[in-house]
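J.:
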Amino acid sequence: MSVYCGIACRRKSFWCYRLLSTYVTKTRYLFELKEDDDACKQAQQTGAFYLFHTLAPLLQTSAHRYLAPRHSLLELKGLLGKFGQDAQRIEDSVLIGCSEQHEAWFALDLGLDSSSSLSASLQKPEMEAKLKGSFIELRKALFHLDVKDASLLFTAQALLHWHHTHQFCSRSGQPTKKNTAGSKRVCPSNNIIYYPQVAPVVITLVSDGTRCLLVRQSSFPKGMYSALAGFCDIGLS
Ligand SMILES: [Zn+2]
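The opening position of the sequence shown corresponds to residue 0 in numbering that gives the first Met the number 0, with each subsequent residue numbered one higher.
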């Protein structure tokens, strides 16, 4: 028995070490891409792109589940051409993660305003037809997505939204410029660097041991309930 236990413990510590080691190498790689624009552009060549339209991700239906399709850089360039959008639009994409094999993942919103012209761009339903999917509000799709996909898409949505709402310097009013990865924006006139904000939240589960209190907003999809949660205000304790 003790021999089996010893083997099990060694195996467990081996997998813990491997998991930690993978996490560290992935984090280092992502940090490099965030700091080095050339390395990030290089990573786009072999990377995969998730598409959004006005912050709703492109999803495809498969056996009552939603899948988030990914496109290569080459496929994306072809699609942008079909949609009447400039390939320069790829510069608006943001880095959202990478695989264990260091395939970088990016997100691009085809619907939000951009420096490139949208006047010749196709409307959303026409894009959906060409993409064989639909742009679906993320909260409504949440329970039909794989956990890893959901986490990645929420990260992408938050980052795309932050860039969309932080395009000007709050000191000089000049347009800010994102780095290739989208991990920061810089004001060229006074070099102020803006980083995506982290908003602290609290979530609480009220329980009497056998039951718990759940709430819902009228905007929630049918059948969706939540524990009590909310954002923390400054100075709140
Ligand atoms: Zn400025």
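Positions of the beta carbon are idealized from the N, C-alpha and C atoms, including for glycine.
Looking at ASP108: is its Cβ nearer than 8 Å to the Cβ of HIS52?
T.: yes
J.: Could you give the residue range of the beta strand (DSSP E) that holds VAL205?
T.: Element bounds for VAL205: n/a, residue is neither H nor E.
J.: With a 10 Å radius around its C-beta and 16 neighbouring C-beta atoms as the bar for buried, classify SER169 as buried or exposed.
T.: Exposed is the call here.
J.: Taking a cut-off of 5 Å, which residues have a beta-carbon closer than that to any heavy atom of ligand 1, in chain order?
T.: CYS168, ARG170, SER171, GLN173, CYS186, SER188, ASN189
J.: With distances taken from CA atoms, which of VAL23, VAL205, ILE233 is nearest ALA198?
T.: For ALA198, the nearest C-alpha among the options comes from ILE233.
J.: With distances taken between CB atoms, is the gap from LEU58 to ALA67 smaller than 8 Å?
T.: Inclusion of LEU58 and ALA67 in the CB contact set at 8 Å is warranted, their separation being smaller than that value.
J.: Using DSSP with H/G/I as helix, E/B as strand and the rest coil, what is SER217?
T.: coil
J.: Could you tell me the distance, in whole angstroms, from the CA atom of GLN87 to the CA atom of ASN189?
T.: 26 Å
J.: Per DSSP, which residues does ARG184 bridge with? Please list them.
T.: LYS177, TYR193
J.: Count the CB pairs spanning the region 88-97 and the region 175-187 that are closer than 8 Å, and state whether there are at least three.
T.: yes
J.: With 16 other CB atoms within 10 Å as the buried threshold, where does LEU159 fall?
T.: buried
J.: Just confirm the distance between the C-beta atoms of GLU102 and ALA47, as a whole number of angstroms; I'd bet it's less than 8 Å.
T.: 6 Å
J.: Could one say the Cβ of SER225 lies closer than 8 Å to chain C's Cβ atoms, at least one of them?
T.: The structure shown contains no chain C, having only a single protein chain.
J.: In whole angstroms, give me the CA-to-CA distance for SER150 and LEU141.
T.: 10 Å
J.: Once DSSP output is grouped into helix, strand and coil, what is the label at TYR65?
T.: strand
J.: I need the DSSP call for ALA226, collapsed to helix, strand or coil.
T.: Coil.
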